[in-house]
Amino acid sequence: MISFRFLNAISNKIIITNKLYKTVAIHCNIRELAEDLEGMNVELLQIRDMKPSRRMSFNSSQDRKLLREGEDAISKLEFARTTLATCALKTSSLLLRAAIRRLDAELALLDDLTNCDNFRYEMNEAMNLSELDYYTILNVKRSATKGEIYLAYRKLAIRLNPYRDPKHCKEFVPLAEENQLTHMSPMGLNKQWAYINMALDVLGNDLYRSIYDRYGEAGLIQGILLPNGYFPPYHYHGDHMKVYHEVFGTYSPYANIMDPITNPPPLYTNKSNGIGVRTKEPPVEKTVALSLEDVYFGCVKLMHVWRQEFIDKDELATEKRKKTLTLNIPPGITAGTRFSFKEEGDRFPTKIPSDIIFIVEDKPHDVFKRRNLYNIVYTHEISLCQALIGFRFVIETLDKRKIKVSISDVVTPDFVKILPNEGLPKYKSPDDISKSRGVPTYEYGDLIIEFKNT
1 MISFRFLNAI
11 SNKIIITNKL
21 YKTVAIHCNI
31 RELAEDLEGM
41 NVELLQIRDM
51 KPSRRMSFNS
61 SQDRKLLREG
71 EDAISKLEFA
81 RTTLATCALK
91 TSSLLLRAAI
101 RRLDAELALL
111 DDLTNCDNFR
121 YEMNEAMNLS
131 ELDYYTILNV
141 KRSATKGEIY
151 LAYRKLAIRL
161 NPYRDPKHCK
171 EFVPLAEENQ
181 LTHMSPMGLN
191 KQWAYINMAL
201 DVLGNDLYRS
211 IYDRYGEAGL
221 IQGILLPNGY
231 FPPYHYHGDH
241 MKVYHEVFGT
251 YSPYANIMDP
261 ITNPPPLYTN
271 KSNGIGVRTK
281 EPPVEKTVAL
291 SLEDVYFGCV
301 KLMHVWRQEF
311 IDKDELATEK
321 RKKTLTLNIP
331 PGITAGTRFS
341 FKEEGDRFPT
351 KIPSDIIFIV
361 EDKPHDVFKR
371 RNLYNIVYTH
381 EISLCQALIG
391 FRFVIETLDK
401 RKIKVSISDV
411 VTPDFVKILP
421 NEGLPKYKSP
431 DDISKSRGVP
441 TYEYGDLIIE
451 FKNT
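Next up, the structure:
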């Protein structure tokens, strides 16, 4: 059973550390933080005065509250430490920085007390919490690297995948691995399959793994208050084949064995270079500058590229030739969009042609500026007299329409006039266009008019 004296010592340590934080917060003139720490001190005193059950079994709600409130208090103290440390960096007070170092030492000691493996194990036992050990599920050590975790999963996934044909098990899975006894052997195969995918979903994610290592499965599932924010509760999505696909890149149950057979690597054979595996050249990236008119209406761009092409039947000799690629630019395209032409690069006997990628960028416009993807900004120059008494003017839009604008308000430096739905069209994917039966209806951004005194 858990020693109540040990828990009481931790509670006292939290109260002492909290008082130190409050003193430094007052010195830093952080009134809100000091008030929060004062309210927290009252809660901590109530926690310390709680009377747990005699054998400290944590079977009652009051005993459970003692533990959980203590864990929340530690998380809040870590957040307070981050706030105070930020203030300490902005000041030259040596006394304040020394106090921050002392607080770090106190918090480190408190962290060692509450997060030691024996203490956490006893807490789980006392609260009758049965947590899954994801490391044991995958048969790896807690210090295992990410590569070792993925390798262990691959070995188990090939053996436990429910979609493989039992008739061919011995052909693709060694007999020693097929009949291997593990701690999960008493469970059904479907349950083992579910557990290894859940384990990889946690341990394969650096953030989830760090939370699990520090707070256990309970902290991972219930959520944790961290110094820089709140970590929301983790929920496993339940799609085991999704995890399998992310590792193997396919849904085939014999992925790591059958892929070289069903998808053999491309080979080259010729007298000059012999026989070998053709490797693919890295992609070639080029930029395409589009005017706002091109973005508004959409357009077709003919891109001329020079590349090496074969000039003989044996595909050995090459020369530079021009290749024309067609870019279909849809309305509302945004900067950074990439158009990829697969294997349209240089031809070589021993290489797979590279992909050619065109990256969209915005061309500066004489009248308008693009803002927030689909809004455009127009700057109109006015005199002081116009700013005071009002004025009218005409704007010619990107589609050559003329809009009369009337300003009757006093124009201040931060005054803007917004014309709704007069900006750029919002991009629609081909799937969205097909759903609208090939006749897309676009939504538009806004035309923002800003004013500048001459």
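Residue numbers for the sequence shown, in UniProt numbering: 1 to 454.
Positions of the beta carbon are idealized from the N, C-alpha and C atoms, including for glycine.
All values reported here derive from a predicted model rather than from experimental measurement.
Pick helix, strand or coil for P425, following the three-state DSSP scheme. Here P425 sits in strand by DSSP.
How should W306 be labelled, buried or exposed, when 16 other C-beta atoms within 10 angstroms of its C-beta is the threshold for buried? By the C-beta density criterion, W306 is exposed, having fewer than 16 other C-beta atoms within 10 angstroms.
Y135 and K141 closer than 8 Å at C-beta: Yes, they are a contact pair.
Can you tell me which of D431, D446, T326 puts its alpha carbon nearest to the alpha carbon of P440? Measuring from the Cα of P440, the nearest candidate turns out to be D431.
The region 355 to 375 in contact with the region 286 to 294 per 3-pair CB rule at 8 Å: Contact between the region 355 to 375 and the region 286 to 294 is established, with three or more Cβ pairs separated by less than 8 Å.
Own chain, CB closer than 6 Å to residue 468, minus 5 neighbours either side, in chain order: Since the first and last residues shown for the chain are 1 and 454, residue 468 lies out of range.
Once the 5 residues before and after K369 are set aside, which same chain residues still bring their CB inside 6 Å of it? Excluding sequence neighbours, K369 sits near V377.
Nearest chain D C-beta to R401 closer than 8 Å, yes or no? The chain labelled as chain D is not found in the depicted structure, where only one protein chain is given.
Between the Cα of I448 and those of I224, A144, E217, V405, spot the shortest distance and give me the residue it belongs to. Looking from the CA of I448, the closest CA among I224, A144, E217, V405 belongs to V405.
Work out the CA separation of I356 and K400 for me, nearest whole Å. Answer to the nearest angstrom: the Cα atoms are 35 Å apart.
Have a look at E422, S383, I407 and flag the residue whose alpha-carbon is nearest the alpha-carbon of T397. Minimum Cα-Cα distance from T397 among the listed residues E422, S383, I407 corresponds to E422.
Should the region 380 to 391 be regarded as contacting the region 313 to 323, the criterion being three or more beta carbon pairs within less than 8 Å? With the cut-off at 8 Å, the region 380 to 391 and the region 313 to 323 do not touch.
Looking at the unbroken alpha helix (DSSP H) that takes in K155, where does it start and where does it end? Its alpha helix (DSSP H) spans residues 146 to 160.
Please list the terminal residues of the continuous beta strand (DSSP E) segment that includes M187. Taken as a continuous stretch (DSSP letters only), M187 belongs to no beta strand (DSSP E), as it is neither H nor E.
Taking just the CA atoms, how far does N139 sit from I224? The alpha-carbon atoms of I224 and N139 are separated by roughly 27 Å.
Considering only DSSP beta bridges, list what N453 is partnered with. For N453, which the question treats as bridged, DSSP gives the partners I382.
Return the CA-CA distance between D414 and D446, expressed in angstroms with no decimal places. D414 and D446 have their alpha carbons spaced roughly 18 Å apart.
Do you know offhand how far residue 460's Cα is from N197's? Residue 460 cannot be examined here, being either before or after the span of the chain that is shown, 1 to 454.
Residues bridged to T318 [DSSP beta-bridge criterion]: Listed as beta-bridge partners of T318 by DSSP are F310.
Between V202 and L220, is the Cβ-Cβ spacing less than 8 Å? Yes, the Cβ-Cβ distance between V202 and L220 is below 8 Å.
For F368, three-class secondary structure by DSSP: If DSSP states are grouped into helix, strand and coil, F368 belongs with the strands.
Give the secondary structure of L401 by DSSP, where H, G and I count as helix, E and B as strand, and everything else as coil. Per the sequence presented here, residue 401 reads as Arg, with Leu not at that position. Of the three classes helix, strand and coil, the one that applies to R401 here is coil, per DSSP.
Thinking C-alpha only, which one of K191, F393, S383, R338 is nearest V284? If we check each option's Cα against that of V284, R338 comes out closest.
In angstroms, rounded to a whole number, what distance separates the CA positions of P233 and A194? Rounded to whole angstroms, P233 to A194 spans 20 Å at the Cα level.
How close, in whole Å, do the beta carbons of S340 and P282 come, if the pair is a contact with beta carbons under 8 Å? Incorrect: roughly 13 Å between the Cβ atoms, too far for contact.
Pull up the distance between the alpha-carbon of E450 and that of K402, whole angstroms please. Going by the C-alpha atoms only, they are around 18 Å apart.
Count the other CB atoms within 10 Å of the CB of L156; is the residue buried (16 or more) or exposed (fewer)? Label assigned to L156: buried.
If you follow the alpha helix (DSSP H) that K242 is part of, which residue opens it and which one closes it? Taken as a continuous stretch (DSSP letters only), the alpha helix (DSSP H) holding K242 covers 240 to 248.
Might you give, ordered along the chain, the residues of its own chain that have their beta carbon closer than 7 Å to the beta carbon of C299, omitting 5 neighbours on each side? Contacts found: I329.
Just checking my contact of T334 with Y427 at CB under 8 Å: how many whole Å lie between their CB atoms? About 6 Å separates the CB atoms of T334 and Y427; that is less than 8 Å, so the two are in contact.
Could you please give the first and the last residue of the uninterrupted alpha helix (DSSP H) stretch that includes F297? Its alpha helix (DSSP H) spans residues 292 to 297.
For I418, does the count of other Cβ atoms within 10 angstroms reach 16, so buried, or fall short, so exposed? In summary, I418 is exposed, with fewer than 16 beta-carbon neighbours lying within 10 Å of its beta-carbon over all protein chains present.
Can you give the Cα-Cα distance for Y374 and E343, rounded to whole angstroms? One alpha carbon belongs to Y374, the other to E343, and they sit about 33 Å apart.
For D362, which beta-bridge partners are listed by DSSP? Paired residue(s): L290.
Nearest by alpha-carbon distance to Y153: which of N372, G188, G204 is it? Checking every option, the nearest Cα to that of Y153 belongs to G204.
How about P331 and F297: do their beta carbons lie closer than 8 Å? The Cβ atoms of P331 and F297 sit closer than 8 Å to each other.
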